[in-house]
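Following my numbering, the numbering of the sequence shown begins with 15 at its first residue and continues without gaps.
Beta carbons: idealized from backbone N, C-alpha and C, even for Gly.
Bear in mind that the values here come from a model prediction, so they are computed numbers and not experimental data.
One structure below.
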Amino acid sequence: MSLDHFLYRREDQGQPRTLFLLHGTGGDEHDLLPLANAVTDQYNLVGLRGNINENGMRRFFARSAPGVFDQASLSEESDKLAAFLESWYAENGLKPQHAAFVGYSNGANMLLATLLRHPNVIRKVALLHAMLPFEVEDGPDINEVEVLLTYGEQDQLIPLPESQRLAEILQSLGAQLQMASHDGGHELGQSELAALREFLQPSV
């Protein structure tokens with residue numbers, strides 16, 4: 015199915031809250047559904063598919079090299095995500111505070127960029143192995159946003175100092191920040207999944 019800008023997979027659980035899921039590079043709209051079903055049963059689920067095709071691998075925005083983001087693409091695609099969410103909220107009678115988000119790697123970077131550029135559409139977001147998508151000089155006030163940031167201490171794609179710097183930036187912008195890590199790499203660890211399960215407990 016599609017609602018302007020994105021193809022998606024919806025699993026309606028008859029809940030008043032919705033969890034949006036954004037996959038990593040090479041994934042699709044189905045990728046994170048098993049993960050979500052394993053950690054919560056209190057949300058309707060919506061898995062989104064990234065619009066960018068990089069050598070047969072789906073992504074949410076283009077890059078010129080690993081770790082080097084195409085800023086024009088990032089800007090355009092994060093604008094599309096914000097527009098998608100605004101349309102979804104309006105058509106489904108959903109308020110931003112009754113939505114939550116989980117993104118892994120590229121999907122987490124997309125959510126972070128959208129939060130920084132359109133903070134009104136995201137109120138609760140789990141960033142699994144995210145990196146700063148662009149430098150933040152005068153970021154938004156996000157003191158009403160709950161953020162879970164998780165990372166691998168031996169992640170070769172996102173060195174530990176980068177994760178720590180991102181945490182400092184989120185805190186400086188006022189985010190209600192929680193953190194979880196594991197001693198491995200870019201894969202998801204059990205400690206992260208436990209933190210995600212706790213984080214997704216509805217607060218409203």
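Buried versus exposed, by CB contacts within 10 Å (16 or more), residue i
i: serine 92; result: buried
i: alanine 104; result: exposed
i: leucine 119; result: This sequence places serine at residue 119; leucine is not what is there. Buried.
i: alanine 79; result: exposed
Check whether residue i and residue j have beta carbons under 9 Å apart
i: arginine 63; j: aspartate 84; result: no
i: glutamine 170; j: glycine 199; result: yes
i: leucine 174; j: alanine 140; result: no
i: leucine 187; j: glutamine 56; result: no
Proximity to residue i [Cα-Cα], best of the options
i: threonine 32; options: Lys109, Asp169 and Gln170; result: Lys109
i: leucine 47; options: Ala144, Leu35 and Leu126; result: Leu35
i: glutamate 100; options: Ser89, Ala113 and Glu149; result: Ala113
i: leucine 129; options: Ser89, Trp102, Gly107 and Tyr165; result: Ser89
i: methionine 124; options: Gly107, Leu95 and Trp102; result: Leu95
i: tyrosine 165; options: Leu207, Gln185, Ile136 and Gly153; result: Leu207
i: asparagine 51; options: Met145, Leu184 and Arg211; result: Arg211
8 Å contact criterion, which residue i and residue j should meet: CB distance rounded
i: histidine 44; j: arginine 24; result: Incorrect: roughly 11 Å between the Cβ atoms, too far for contact.
i: alanine 194; j: isoleucine 156; result: The Cβ separation is near 19 Å, so there is no contact.
Span separating the alpha-carbon of residue i from that of residue j
i: lysine 138; j: tryptophan 102; result: 16 Å
i: valine 116; j: phenylalanine 74; result: 14 Å
i: glycine 38; j: glycine 121; result: 5 Å
i: asparagine 58; j: alanine 76; result: 29 Å
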